[in-house]
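Chemist: Numbering (the numbering used here), first residue to last: 820 to 924.
For every residue, glycine included, the Cβ atom is placed at its ideal position computed from N, Cα and C.
These numbers were taken from a predicted model, which means no experiment stands behind them.
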Amino acid sequence: MPSRNDFRFHRRETRIPMEIPVVLEGHRQLPGVESTFTENVSAKGARVVSSRRWDKGAQLLFASRTGEFRSAARVAYCQPLHGEGYAIGVEFLEPKGRWVVQTAN
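Here's what the structure looks like:
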């Protein structure tokens, strides 16, 4: 029988716990801009708290509230949080500007 560790998922990049104010736009059923924050970040994405449930694979616009960074993004997952809201994983598709974590070249 395989050990429990055989099925672990390993991310390509380390996530850094960091609360960054961001905005999300592009929800299909609830149009408008949502101001929220990240829970953790990497060079290629972030885990974000949202009051809205997002469909896996949905496209959205992700931007820092300072305006220094913006990107088209894809929802990698959406998990309900204890209490209210959802944690969504976003993958940056077309990053523009300066994000808090840079890709190693």
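Specify, as a first and last residue, the run of the beta strand (DSSP E) that Ile934 falls within.
Modeler: The structure shown has nothing for residue 934, since the chain only spans 820 to 924.
Chemist: Taking the beta strand (DSSP E) that Ala865 belongs to, which residues open and close that run?
Modeler: Gly864 to Ser869
Chemist: Which of helix, strand or coil does DSSP assign to Val894?
Modeler: Strand.
Chemist: Please list the terminal residues of the continuous beta strand (DSSP E) segment that includes Gly908.
Modeler: Tyr905 to Phe911
Chemist: Tell me whether Leu849 sits in a helix, a strand or coil according to DSSP, three-state version.
Modeler: Shown here, Leu849 sits in coil according to DSSP, grouped into three states, outside any helix or strand.
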